[in-house]
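Student: Once you've had a glance at the structure underneath, I'll fire off some questions.
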Amino acid sequence: MIIAANRVGKNLDDRWVLSDVSFVIERGERIGLVGPNGSGKTTLLRLLAGVMAPDRGEVFLTKGARIGYLEQIPQADPRATVLDVLRSPFAELMELEREMGELANRMADSRLDEKRMERILNRYQVCQEEFEKRGGYEMETRIRRVVRGLNLPEDVPDRPFAALSGGEKTKVGLAQVLLSEPDLLLLDEPTNHLDLSALEWLEDFLSQWRGAVVVVSHDRYFLDRVANRIIDLEDGRCTLYQGNYTHFVKEKEQRLLAEFQAYREQQKKIKKMEEAIKRLREWANRSNPPSAGLHRRASNMEKALKRMELLERPVLERKKSP
Numbered sequence: 001m002i003i004a005a006n007r008v009g010k011n012l013d014d015r016w017v018l019s020d021v022s023f024v025i026e027r028g029e030r031i032g033l034v035g036p037n038g039s040g041k042t043t044l045l046r047l048l049a050g051v052m053a054p055d056r057g058e059v060f061l062t063k064g065a066r067i068g069y070l071e072q073i074p075q076a077d078p079r080a081t082v083l084d085v086l087r088s089p090f091a092e093l094m095e096l097e098r099e100m101g102e103l104a105n106r107m108a109d110s111r112l113d114e115k116r117m118e119r120i121l122n123r124y125q126v127c128q129e130e131f132e133k134r135g136g137y138e139m140e141t142r143i144r145r146v147v148r149g150l151n152l153p154e155d156v157p158d159r160p161f162a163a164l165s166g167g168e169k170t171k172v173g174l175a176q177v178l179l180s181e182p183d184l185l186l187l188d189e190p191t192n193h194l195d196l197s198a199l200e201w202l203e204d205f206l207s208q209w210r211g212a213v214v215v216v217s218h219d220r221y222f223l224d225r226v227a228n229r230i231i232d233l234e235d236g237r238c239t240l241y242q243g244n245y246t247h248f249v250k251e252k253e254q255r256l257l258a259e260f261q262a263y264r265e266q267q268k269k270i271k272k273m274e275e276a277i278k279r280l281r282e283w284a285n286r287s288n289p290p291s292a293g294l295h296r297r298a299s300n301m302e303k304a305l306k307r308m309e310l311l312e313r314p315v316l317e318r319k320k321s322p
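So that you can map any letter, position 61 of the sequence shown is 61 in the UniProt record's numbering, and since no number is skipped, the others follow by simple counting.
Following this line, the structure appears as structure tokens:
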């Protein structure tokens, strides 16, 4: 398990956007989060990311698990360049690189005695081994690979992030979160502003992702190619489905039809019981004196009717929106 939601609820503007949401996300799952507009998809992503807290229920994150969250409009330090943003996931590696540079400069000092030189050299070797183990020498290559994959302009790393268009910011934000390689990747409309080749590159990238992914997208074809599980949000609750988006649509239709049939059968049963109770009362009152036995039978049926767990009428037609 990477993360779990247990009976999570969130109230916004006096409305329970989410009322009873529970699920577990495992490593290797690529989840499409779908539902009508306003169903709480972005709210749920923000709860999973820890950006906001639930008003009831709990979100459990496995100790040490890292989360990468792409908002629809990414934010960054207004003074940062795009390269600063792209390098931010490698802050610890860059600190190691800086320390290695300082140590190299100190080793070039001819005034160092043998003991101090040995101490500095040992520290340099420790830093270098850690830098290599964590992929420091591939850092710039990885950045270039993601920049090219998302078809960002070649000169974009040198530009101020604040000067980018909304679409360019989204692509840079996507590149940043992919480079961070978290255990759980949360993506809110990542396909916006991507051309066909960038979209295909992202699909391939996510299909090889070793962690877990939760993605919100209105592109059902993208969800078909990426998702292996669907979480469907409706009326503040969620329903889980295995498979991609097309499989989800078919399975949901079958489930709704079965639920509607069960609802109709129950309504028929309720109507028959109500009619039977009415007849028993009428027959009981026709007797002289009134029949206590028939009244008891009617009362017992009324109690059984009240104990019945009523099924909700399923909504078969909604405004379609992944």
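Don't be surprised by glycine CBs; every beta carbon is placed ideally from N, CA and C.
May I have the straight-line CA-CA distance separating THR42 from ALA304, to the nearest angstrom?
Tutor: Their backbone Cα atoms lie some 43 Å apart in a straight line.
Student: Using the C-alpha atoms, what's the distance from GLU203 back to ARG225?
Tutor: ARG225 and GLU203: Cα-Cα distance of roughly 7 Å.
Student: Could you name the residues of the same chain whose beta carbon sits closer than 8 Å to that of GLU253, not counting the 5 residues immediately before and after it, in chain order?
Tutor: Around GLU253: no qualifying Cβ.
Student: By how many angstroms is the C-alpha of GLY243 removed from the C-alpha of GLY32?
Tutor: Answer to the nearest angstrom: the Cα atoms are 10 Å apart.
Student: Rank GLU118, LEU93, VAL172 and ARG142 by C-alpha distance to the C-alpha of LYS133 and give the top, closest one.
Tutor: Residue LEU93 is the option with its Cα nearest to LYS133.
Student: What residue range does the alpha helix (DSSP H) around VAL172 cover?
Tutor: That run of the alpha helix (DSSP H) goes 166 to 179.
Student: Give the single residue among LYS115, ALA298, LEU179 and ASN105 whose Cα lies nearest to the Cα of GLY135.
Tutor: Cα-wise, what sits closest to GLY135 is LEU179.
Student: Classify PHE248: buried if its beta carbon has 16 or more other beta carbons within 10 angstroms, exposed otherwise.
Tutor: Result: buried.
Student: In chain order, what residues of the same chain have a beta carbon less than 6 Å from the beta carbon of VAL214, not counting five sequence neighbours either side?
Tutor: Here the set comprises ILE31, LEU33 and LEU186.
Student: Considering only residues of the same chain and omitting the five flanking positions on each side of ARG281, which have a CB-CB separation below 8 Å?
Tutor: Taken in chain order, the residues that qualify are LEU294, HIS295 and ALA298.
Student: Under 8 Å by Cβ, that's how I've got VAL172 and LEU164 pegged, so tell me the actual separation to the nearest angstrom.
Tutor: The pair is a contact, with the Cβ atoms about 7 Å apart (cut-off 8 Å).
Student: So, for PRO89: in the same chain, excluding its five sequence neighbours on each side, which residues have a beta-carbon less than 6 Å away from its beta-carbon?
Tutor: The residues are LEU179 and SER180.
Student: Taking one C-beta from the stretch 116 to 128 and one from the stretch 140 to 149 each time, how about it: are there three or more such pairs within less than 8 Å?
Tutor: Short answer: they don't touch.
Student: In chain order, what are the residue ranges of uninterrupted alpha helix (DSSP H) at least 4 long that sit wholly in the stretch 30 to 95?
Tutor: Qualifying alpha helix (DSSP H) stretches, in chain order: 41 to 49 and 82 to 87.
Student: What is the C-beta distance between PHE60 and ILE231, in whole angstroms, given that I count them as a contact (C-beta under 8 Å)?
Tutor: With a Cβ gap of about 16 Å, PHE60 and ILE231 do not count as contacting.
Student: Are the CB atoms of ALA80 and PHE161 nearer to each other than 8 Å?
Tutor: Cβ atoms of ALA80 and PHE161: closer than 8 Å.
Student: I'd like the span of the alpha helix (DSSP H) that includes GLU234, first residue to last.
Tutor: Run containing GLU234: none in the alpha helix (DSSP H); it sits in the beta strand (DSSP E), 229 to 234.
Student: Can you name, in chain order, every residue of its own chain whose Cβ lies under 6 Å from the Cβ of PRO74, other than the five neighbours on each side?
Tutor: Closer than 6 Å at Cβ, skipping near neighbours: LYS169 and GLY173.
Student: From what residue to what residue does the beta strand (DSSP E) around ARG7 run?
Tutor: From DSSP, the beta strand (DSSP E) with ARG7 extends over 3 to 12.
Student: At the level of alpha carbons, what is the spacing between LEU96 and ALA198?
Tutor: Answer to the nearest angstrom: the Cα atoms are 32 Å apart.
Student: Could I get the ranges of all uninterrupted alpha helix (DSSP H) runs contained in the stretch 269 to 317, with 4 residues as the minimum, in chain order?
Tutor: Qualifying alpha helix (DSSP H) stretches, in chain order: 292 to 307.
Student: Distance check for GLY211 and GLU140, CA to CA, integer angstroms please.
Tutor: About 22 Å.
Student: Can you tell me the Cα-Cα spacing of ASP20 and LYS278, whole angstroms?
Tutor: In a straight line, the C-alpha of ASP20 is about 38 Å away from that of LYS278.
Student: Near CYS238, which residues of its chain fall below 7 Å by C-beta distance, leaving aside the five closest residues on each side in sequence?
Tutor: VAL21, PHE23, ILE231 and ASP232.
Student: What's the call for MET1, buried or exposed, on a 16-neighbour Cβ count within 10 Å?
Tutor: When all chains shown are included, MET1 counts as exposed.
Student: Pull up the distance between the alpha-carbon of THR62 and that of GLY50, whole angstroms please.
Tutor: Roughly 13 Å separates the two Cα atoms.
Student: Can you tell which of LEU256, ARG111, LEU152 and LYS306 has the C-alpha that lies nearest to the C-alpha of GLU234?
Tutor: Closest by alpha carbon: LEU256.
Student: Assuming GLY149 and PHE205 form a contact by the criterion Cβ under 8 Å, report the distance between their Cβ atoms to the nearest whole angstrom.
Tutor: Yes, GLY149 and PHE205 are in contact; Cβ-Cβ is about 7 Å, under 8 Å.
Student: With DSSP as the reference, identify every bridge partner of ARG116, one or two as the case may be.
Tutor: Partner(s): none; ARG116 has no beta bridge.
Student: Locate the beta strand (DSSP E) running through SER197, then write down its first and last residues.
Tutor: Premise fails: SER197 lies in the alpha helix (DSSP H), 196 to 207, not in any beta strand (DSSP E).
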